[in-house]
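Enquirer:
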Amino acid sequence: MTLPGNKPSWLTFDCYGTLIQWDEGLLAAVERILSRQGETSIDARSLIATYDRYEHALEQEEPHRPFRTVAGEGLRRAMAELGLECRPEDVETLTSSIGAMPPFPEVVGALADLKAQGFKLCIVSNTDDDIIAGNVAQLGGHIDRVITAEQARAYKPSRGIFEHAWEALGVSMDEVVHICASPHLDLVAARDLGFRAIWIDRGTGRRAPVDYKPNEVFPTLDRVPALVKQVGWG
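Per numbering that gives the first Met the number 0, the sequence shown starts with residue 0, numbered consecutively.
Next comes the structure, spelled out in structure tokens:
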């Protein structure tokens with residue numbers, strides 16, 4: 000597929016998994032939690048899969064709760080399901096590790112190229128302002144705006160967080176292109192709302208919805224600046 004429509008004034012980005020090494024950072028944090036507990040019978044990836052299920056379900060519950068609260072409760076429920084006691088320091092290990100997660104190797108350079116091509120860059124993320132600040136600080140100063148679930152009081156894939164972002168940026172849905180790695184959050188929203196999306200498929204095994212095809216699919220972010228030039232936006 001190709002990118003239809005006019006050149007966007009803003010490029011919006013999912014953060015974790017797209018710009019920031021979420022899977023790698025989460026695995027390291029969970030391994031620290033299990034090691035501190037002396038637990039060797041439970042695989043860290045099994046705990047992560049259970050945690051993910053609870054986290055995503057909690058994000059859709061009302062009333063809206065901060066991500067720090069959601070993450071802590073998700074971890075407690077996941078560990079309880081697996082027969083583990085969740086301690087306060089376990090929650091702190093998880094939540095404090097997120098802001099320290101680094102970008103993927105090509106990300107800062109790709110963001111610099113996109114800025115040089117005249118785009119404004121915004122992150123739209125299911126997190127809290129104080130958590131993501133540590134990640135944004137590692138992105139070379141190229142991010143112009145950060146929209147969080149805390150600000151929107153809504154989590155992806157809800158339309159609320161995207162509509163909040165577009166209103167905050169002063170643009171319509173047609174004036175942005177969203178770049179993301181998350182099929183079950185961002186691509187679902189792109190399908191349901193109809194905004195243009197580039198999927199960064201980093202080979203994690205996650206699959207796009209069967210009834211939706213993103214406008215473009217790349218394995219890494221550094222392919223996007225070349226696409227911009229190809230379609231005449233650079």
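We put the CB at the ideal spot given by N, CA and C, even for glycine. These numbers were taken from a predicted model, which means no experiment stands behind them.
1) Pop quiz: A167 and I146 are said to be a contact at Cβ under 8 Å. What is the actual Cβ separation, rounded to whole angstroms?
2) How would you write the range of the beta strand (DSSP E) that A288 sits in, first residue to last?
3) Just how far apart, CA to CA, sit H141 and P218?
4) Check whether the Cβ atoms of R152 and I122 sit closer than 9 Å, and answer yes or no.
5) Return the CA-CA distance between L192 and W232, expressed in angstroms with no decimal places.
6) Take the Cβ of V176 as the centre, count every other Cβ of all protein chains shown within 10 Å, and call the residue buried at 16 or more, exposed below.
7) Is the CB-CB distance between T39 and E80 below 9 Å?
8) In angstroms, rounded to a whole number, what distance separates the CA positions of V187 and G4?
9) So, with DSSP's three-state summary, where would you put P102?
10) How would you call E23, buried or exposed, if buried means at least 16 neighbouring beta carbons within 10 angstroms?
11) In whole angstroms, what separates the C-alpha of P156 from that of G169?
12) Identify, in the order they occur along the chain, each residue of the same chain with its Cβ nearer than 6 Å to the Cβ of Y15, setting aside the five sequence neighbours on each side.
13) In the DSSP output, which residue or residues are listed as bridge partners for L184?
14) May I have the straight-line CA-CA distance separating L33 from L26, to the nearest angstrom?
Expert: So, from the data block:
1) 6 Å
2) Here the chain covers residues 0 to 233 and nothing more, so residue 288 does not appear.
3) 21 Å
4) no
5) 24 Å
6) buried
7) no
8) 20 Å
9) strand
10) exposed
11) 21 Å
12) W21
13) The partner list for L184 (beta bridge, DSSP) is empty, contrary to what the question assumes.
14) 11 Å
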